[in-house]
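Working notes, structure below.
Protein chains: 2
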Amino acid sequence: MKNKILIEISARHIHLSQKDLESIFGKGYELKKLKHLSLTGEFAAKETLGIQIGKRILSGVRIIGPIRKETQVELSHTDAVLLRIHAPVRKSGDIINTPGAVLIGPKKKIKIRHGLINAWRHIHCNPKEAQKLGFKNGMLISVKTNGICSITFHNVRVEVGESYNLCMHLDTDEGNAACILKNGKGTIVKNNFSD
Amino acid sequence: MKNKILIEISARHIHLSQKDLESIFGKGYELKKLKHLSLTGEFAAKETLGIQIGKRILSGVRIIGPIRKETQVELSHTDAVLLRIHAPVRKSGDIINTPGAVLIGPKKKIKIRHGLINAWRHIHCNPKEAQKLGFKNGMLISVKTNGICSITFHNVRVEVGESYNLCMHLDTDEGNAACILKNGKGTIVKNNFSD
């Protein structure tokens, strides 16, 4: 049996630490929910920030709540080219030796020393789904999409979490390359064919 | 033996017909060469145009010479999203029922009825290379890239031409998804695994 998987495209976004949130918006500030995301507990906030590197600015970048331990900005390579930086491919939270930027809020701006990454393509699943699929946290698999722009994505990281439901997350470049603009479907290929 | 292939990334660009070239730049105008391209006889021109749809404009889009039979604008899906249109995946020259736009030159602008496409991912090769690889014009194959962002591109069209040398052409979304910004390498997979 083929294992189908939902694919969701993540546009560029920002996760903020409590400290950075308060530095930008003021002490005790709480993000306003715009809409819930499929990932349990996460939400797109009404607030957006500008990301500045030198003279270049990406405006209106959505904040994703709730707050995290560390501030992290997830960009596509297209975004990184616009900012004239290289955004290294990293799993979430792995931000050592990544570029920093100035984050521009409505009234205040702050400088972050690091945190700009290209999110490593990944799937989320809960322990029950992982067991059924024979997956372990951190494992690399492949996922194939269909249609005229069909692609097999290799080196897809498996991330197992209690709050997760089976879903693949790609950035906008990866989605566009596969002609998937918002949501799509793929087929899990367990053997990762990457070199 | 594995068949390696060079990969070149094509940014958005415009091919102009003689008629449209003269409508924008004046009678008898000739494009100025900026640099030669790998495709024999083709060159990036010094001239760029704006592409306007409604209120949205993509500025500084490079013209590729020499002139062609029909005007054609090759965009990535990222570009198409910025213009709020759908650019259908088409092989070069297949522009019936595709969106049009206003092309803005330095002094004059013209309206094209159609011609905006997303170039179907393809490889070029000459007849000798095609014979060696067992390829025929129009055949669909797969090409795999390496590294952390490894991808296998399916439905890659084979285009055989006397003036061609073996090379794969991807747009910026496809290149970015595979972490290839300008040039890279891939491996030809003869069986096209796409559904």
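Protein chains in written order, with this note's numbering: chain A, 68 to 262; chain B, 68 to 262. Just so you know, even glycine gets a beta-carbon here, dropped at the ideal spot from N, CA and C.
Query	Result
Proximity of residue 171 (chain A) and residue 205 (chain A) at Cβ, strictly below 9 Å	no
Neighbour flag for residue 262 (chain B) against chain A, beta carbons, 9 Å	Reliability of the predicted coordinates at residue 262 (chain B) is poor, the pLDDT of 47 falling under 50, and the value obtained from them is presented with this limitation in mind. Residue 262 (chain B) counts as touching chain A.
Coil, strand or helix - residue 98 (chain A) by DSSP	coil
Backbone CA spacing between residue 68 (chain B) and residue 125 (chain B) [nearest angstrom]	At residue 68 (chain B) the pLDDT is 49, less than 50, meaning the model places this residue with poor confidence; the figure from the coordinates comes in the next sentence. Spanning the two alpha carbons is a distance of roughly 44 Å.
Beta-carbon contacts of residue 177 (chain B) that lie in its chain and below 8 Å, excluding the five residues immediately before and after	87, 90, 91, 169, 170
Option in A:128, A:120, A:119, A:237 with minimal Cα separation from residue 112 (chain A)	A:128
Length of the line joining the Cα atoms of residue 174 (chain B) and residue 152 (chain B)	26 Å
For residue 101 (chain B) and residue 20 (chain B), the rounded distance between their alpha carbons	Summary: the structure shown does not reach residue 20 (chain B), with chain B confined to residues 68 through 262, and so no result is reported for it.
Cβ distance (whole Å) where residue 103 (chain B) is taken to contact residue 141 (chain B) below 8 Å	The pair is not a contact, with the Cβ atoms about 18 Å apart (cut-off 8 Å).
Same chain only: Cβ atoms within 6 Å of residue 82 (chain A), ignoring 5 sequence neighbours per side	131, 135, 139
Sheet register partners of residue 110 (chain B) (DSSP bridge)	B:103, B:132
For residue 91 (chain A), three-class secondary structure by DSSP	helix
Cα-Cα separation, residue 72 (chain B) to residue 157 (chain B)	22 Å
Burial state of residue 180 (chain A) (16 or more Cβ within 10 Å)	exposed
Rounded straight-line distance, which links the Cα of residue 96 (chain B) to that of residue 253 (chain A)	49 Å
Sequence ranges, alpha helix (DSSP H) only - wholly within the segment 159–206 of chain B, length at least 4	194–200
Chain-order list of residues whose beta-carbon lies under 7 Å from that of residue 240 (chain B) (same chain, five-residue window excluded)	143, 144, 145
Neighbour list for residue 156 (chain A) in chain B, Cβ cutoff strictly below 8 Å	215, 216, 246
Proximity to residue 162 (chain A) [Cα-Cα], best of A:149, A:183, A:148, A:147	A:183
Inter-residue spacing [alpha-carbon to alpha-carbon] between residue 215 (chain A) and residue 74 (chain A)	17 Å
Min CB distance residue 189 (chain A) to chain B below 9 Å	no
Minimum Cβ-Cβ distance from residue 241 (chain B) to chain A less than 9 Å	yes
Distance, residue 249 (chain B) Cα to residue 123 (chain A) Cα	21 Å
First through last residue of the alpha helix (DSSP H) which encompasses residue 144 (chain A)	144–149
Between the CA atoms of residue 188 (chain A) and residue 208 (chain A) - distance to the nearest angstrom	10 Å
Interface positions of the segment 129–145 of chain B facing chain A (Cβ-Cβ less than 8 Å), listed along the chain	143, 144, 145
C-beta neighbour in chain A for residue 221 (chain B), strict 9 Å	yes
Backbone CA spacing between residue 167 (chain B) and residue 121 (chain B) [nearest angstrom]	11 Å
Helix, strand or coil at residue 239 (chain A) according to DSSP, with G and I counted as helix	helix
Residue burial classification, residue 107 (chain B) (beta-carbon count within 10 angstroms, cutoff 16)	exposed
Which residues DSSP lists as bridging residue 234 (chain B), in chain order	B:191
Rounded C-alpha distance that separates residue 192 (chain B) from residue 84 (chain A)	52 Å
Within-9 Å CB hit, residue 264 (chain A) to chain B	Residue numbering for chain A in the displayed model covers 68 to 262; residue 264 (chain A) lies beyond these limits and cannot be assessed.
Residue 141 (chain A) - containing beta strand (DSSP E), residue span	139–141
Cα-Cα separation between residue 218 (chain B) and residue 109 (chain B), rounded to whole angstroms	28 Å
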